[in-house]
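What follows is a set of notes on a single structure, which appears directly below.
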Amino acid sequence: MLSNSLVELDRAHLVHPVASYRGHERAGVRVLKSAKGATVTDATGHQMIDGFAGLWCVNAGYGHESIVEAAARQMRELPYATGYFSLGSEPAIRLAAELADRAPGDLNHVYFTLGGSDAIDSTIRFIRYYYHSLGKPAKDQFISLEQGYHGSSTVGAGLTALPIFHAGFGVPLDWQHKIPTHYAYRNPVGSDPQAIIAASVAALRAKVEEIGADRAAAFYVEPIQGSGGVLVPPPGWMKAMRDVCTELDILFVADEVITGFGRTGPLFACSDEDIVPDLMTTAKGLTSGYVPMGAVFLSERVYQTIADGAGSAAIGHGYTYSAHPVSAAVGLEVLRLYENGLLENGVKAGARLMAGLHKLAAHPLVGDVRGRGMLAAIELVVDKERKTPLPAAADPSRRIFDRAWDNGLVIRAFGNGVLGYAPPLCCTDAEIDAIIDRTRRTLDQTLEDPDVR
Ligand code: PMP
Numbered sequence: 001m002l003s004n005s006l007v008e009l010d011r012a013h014l015v016h017p018v019a020s021y022r023g024h025e026r027a028g029v030r031v032l033k034s035a036k037g038a039t040v041t042d043a044t045g046h047q048m049i050d051g052f053a054g055l056w057c058v059n060a061g062y063g064h065e066s067i068v069e070a071a072a073r074q075m076r077e078l079p080y081a082t083g084y085f086s087l088g089s090e091p092a093i094r095l096a097a098e099l100a101d102r103a104p105g106d107l108n109h110v111y112f113t114l115g116g117s118d119a120i121d122s123t124i125r126f127i128r129y130y131y132h133s134l135g136k137p138a139k140d141q142f143i144s145l146e147q148g149y150h151g152s153s154t155v156g157a158g159l160t161a162l163p164i165f166h167a168g169f170g171v172p173l174d175w176q177h178k179i180p181t182h183y184a185y186r187n188p189v190g191s192d193p194q195a196i197i198a199a200s201v202a203a204l205r206a207k208v209e210e211i212g213a214d215r216a217a218a219f220y221v222e223p224i225q226g227s228g229g230v231l232v233p234p235p236g237w238m239k240a241m242r243d244v245c246t247e248l249d250i251l252f253v254a255d256e257v258i259t260g261f262g263r264t265g266p267l268f269a270c271s272d273e274d275i276v277p278d279l280m281t282t283a284k285g286l287t288s289g290y291v292p293m294g295a296v297f298l299s300e301r302v303y304q305t306i307a308d309g310a311g312s313a314a315i316g317h318g319y320t321y322s323a324h325p326v327s328a329a330v331g332l333e334v335l336r337l338y339e340n341g342l343l344e345n346g347v348k349a350g351a352r353l354m355a356g357l358h359k360l361a362a363h364p365l366v367g368d369v370r371g372r373g374m375l376a377a378i379e380l381v382v383d384k385e386r387k388t389p390l391p392a393a394a395d396p397s398r399r400i401f402d403r404a405w406d407n408g409l410v411i412r413a414f415g416n417g418v419l420g421y422a423p424p425l426c427c428t429d430a431e432i433d434a435i436i437d438r439t440r441r442t443l444d445q446t447l448e449d450p451d452v453r
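Using UniProt numbering, you'd call the opening residue of the sequence shown number 1 and step up by one each time.
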């Protein structure tokens, strides 16, 4: 029966995440077939460097036999164990302990999810329960940043601040608030770091005052905003925001779903600035995308307050696949690989990537270069002086993505002419150089395209 081509079957049956369904039907799927290291191969045999590590998740790179072995071993021995009824499995317990040992400050308690969106949803539930336990149930108002991304769950999508995640979905809800982000390249207060920090601090204070300190519950940040276009706050910004949250008695939540596990250098980006959040979310690099898993980290205060608040009653939050043993076994092996050279290589490769991208700053289309470690972006403009974006009507992102693909490079082309980079941490010098060269070729071709200029 399955005589149709994969493209036709896909068009007829597979609903894709975050896509124009009609646009996708027209374009057709591109099937990826195999991968090794930082190279992916499609069904036609075309090879590319994966400059985006899948969806900023395959931090370890593809094809690690030891990860496959860890999963297979666990599947043979015990493919599933519930965490309900006080049951558990060895890999989940060990992974929680290893992570707690490495997490900032006293983030000693780990709740495993299936990915980032349900990790964010879990924080919302934990935070509500926390204030309920403290006898302050009115503290139920949540604040996040413009251009932030915190997943696409029914409720969590309201903390996300990207319009396509809201329109038609009934979010944000009235308890979900936003403040302007730090976006240095296009900030009304200019690009001076101190002015940006002062503006963000003032905006958070003003928002808490507007909501009422007795109502404000938590503030969410990504250490570097990913899906908003890889927006890097100035040094000291995170610390300043953390300090205001402490002062205003609201919880500080660091969403490290992208930045965690070596993306910016260390295991957690919060370590770059010595920040200890009250809650922290991770996913993606936790298992390097080989199997799904996310993790919520809870501070001693948050965990103990919730535990005391519930007393002997069960806390009604959990999933069938919380702390899945196969995902945990993969997580343990991936962590071992990170600490046996991958993090170190990522730091070296990240410095080379940033240096290479900075060299592209002289290109007529490049308005801004930003990033840290193996997480970076260039922002394209048609007029550098005026920072004029590429004409949206020409769908430049799609064209640039396609050209890069043909040139042997997978990148993220955001709708606003921003090109995102998040290569696997295993990249060699030659692979990083090829990412830069192929980007340059793609930009030169774009410059020749009359519709995009
Ligand atoms: N938070 C951040 C910062 C993310 O980048 C993402 C995913 N890109 C999520 C949450 C949601 O994670 P998932 O797609 O695994 O649900």
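Just so you know, even glycine gets a beta-carbon here, dropped at the ideal spot from N, CA and C.
Query raised in the report: With 16 other CB atoms within 10 Å as the buried threshold, where does HIS150 fall?
Result: With 16 or more other Cβ atoms from the protein chains shown falling within 10 Å of its own Cβ, HIS150 counts as buried.
Query - CA nearest to the CA of HIS46, picked from GLU247, ALA413, TRP405 and ILE432 - result: TRP405
**Report entry** LYS178 versus ALA422 - alpha carbon distance
**Finding:** About 27 Å.
Query raised in the report: Which first and last residues belong to the alpha helix (DSSP H) in which PHE126 is found?
Result: 116–133
Query raised in the report: Just reading off the alpha helix (DSSP H) that GLN194 is part of, what are its end residues?
Result: 193–211
Requested in this report: Consult DSSP for LEU431 and reduce its assignment to one of helix, strand or coil.
Outcome: Going by the sequence as given, residue 431 is Glu instead of Leu. GLU431: helix per DSSP, three-state reduction.
Query raised in the report: Do GLU379 and TYR183 have their CB atoms nearer than 8 Å?
Result: no
Query raised in the report: Among the residues of its own chain, which have a CB less than 6 Å from the CB of ARG403, if the five just before and after it don't count?
Result: THR442 and GLN445
Requested in this report: Buried or exposed for ASN340, please, with buried defined as at least 16 other CB atoms from any protein chain shown within 10 angstroms of its CB.
Outcome: exposed
Query raised in the report: Helix, strand or coil for LEU78 per DSSP?
Result: coil
Query raised in the report: Regarding ASP278 and the ligand PMP, is the C-beta to nearest heavy atom distance less than 7 Å?
Result: no
**Report entry** Uninterrupted beta strand (DSSP E) stretches inside the stretch 363–421 (no shorter than 3 residues)
**Finding:** 366–372, 375–383 and 418–421
Query - Rounded C-alpha distance that separates TYR290 from LYS36 - result: Going from the Cα of TYR290 to the Cα of LYS36 covers about 13 Å.
Requested in this report: Compute the Euclidean distance between the alpha carbons of SER3 and GLY63, then round it to the nearest angstrom.
Outcome: At SER3 the pLDDT is 48, less than 50, meaning the model places this residue with poor confidence; the figure from the coordinates comes in the next sentence. So the alpha carbons of these two residues sit roughly 30 Å apart.
Query raised in the report: ILE164: buried (16+ other C-beta within 10 angstroms of its C-beta) or exposed?
Result: exposed
Query raised in the report: Does the Cβ of GLY228 lie closer than 7 Å to at least one heavy atom of the ligand PMP?
Result: no
**Report entry** Neighbourhood of VAL205 by C-beta, 8 Å cutoff - its chain only, sequence neighbours within 5 removed
**Finding:** The identity of residue 205 in the sequence shown is Arg, whereas the question assumes Val. Counting only Cβ-Cβ distances below 8 Å, and skipping sequence neighbours, we find VAL244 and LEU248.
**Report entry** Buried versus exposed, by CB contacts within 10 Å (16 or more), HIS324
**Finding:** Using a 10 angstroms sphere on the CB of HIS324, the tally of other CB atoms reaches 16 or more, which defines it as buried.
Query raised in the report: Between ALA434 and ALA43, what straight-line distance do the alpha-carbon atoms span, to the nearest angstrom?
Result: If I take the Cα positions, the gap works out to 22 Å.
Query - Closer than 7 Å: ALA283 CB and nearest the ligand PMP heavy atom - result: yes
Query raised in the report: In the structure shown, what three-state DSSP assignment does GLY294 receive?
Result: strand
Query raised in the report: Which residues does DSSP pair with ILE49 in a beta bridge?
Result: In DSSP, ILE49 forms a bridge with THR39 and LEU409.
**Report entry** ILE120 beta carbon less than 8 Å from that of PHE142
**Finding:** no
**Report entry** ILE124 Cβ short of 7 Å to the ligand PMP heavy atom set
**Finding:** no
**Report entry** Rounded Cβ spacing between GLY115 and GLY294 (contact assumed at less than 8 Å)
**Finding:** 5 Å
Query raised in the report: How many angstroms separate the CA atom of LEU365 from the CA atom of ASP383?
Result: 8 Å
Query raised in the report: Which partner residues of PHE252 appear in the DSSP bridge assignment?
Result: PHE219
Requested in this report: Rounded to whole angstroms, what's the CA-CA distance from ARG263 to TYR130? Just pull it up for me.
Outcome: 31 Å
Query raised in the report: Leaving out the 5 sequence neighbours to the left and right, which residues in its chain are closer than 8 Å to PRO193 when beta-carbon positions are compared?
Result: ALA184, PRO234, PRO235, GLY236 and TRP237
Query - Bounding residues of the alpha helix (DSSP H) (the contiguous stretch that carries VAL257) - result: First-last for VAL257: undefined, no H or E at that position.
Query raised in the report: Can you find at least 3 beta carbon pairs, one from the stretch 281–288 and one from the stretch 312–320, that sit closer than 8 Å?
Result: no
**Report entry** Per DSSP, cross-strand counterpart(s) of HIS358
**Finding:** Note: HIS358 sits in no beta bridge, so no partner.
Query raised in the report: Does the ligand PMP have even one heavy atom less than 7 Å from the beta-carbon of HIS132?
Result: No; taking the cut-off as 7 Å, the Cβ of HIS132 has no heavy atom of the ligand PMP nearer than that.
**Report entry** For MET1, three-class secondary structure by DSSP
**Finding:** Note on MET1: pLDDT 44, under 50, position unreliable in the model; no value is reported.
**Report entry** Residue environment, VAL110, which counts as buried when at least 16 other CB atoms sit within 10 Å
**Finding:** buried
Requested in this report: Flag GLY255 as yes when its Cβ comes closer than 7 Å to any non-hydrogen atom of the ligand PMP, and as no otherwise.
Outcome: The sequence as given places Asp at residue 255; Gly does not occur at that position. Yes, Cβ of ASP255 sits closer than 7 Å to a heavy atom of the ligand PMP.
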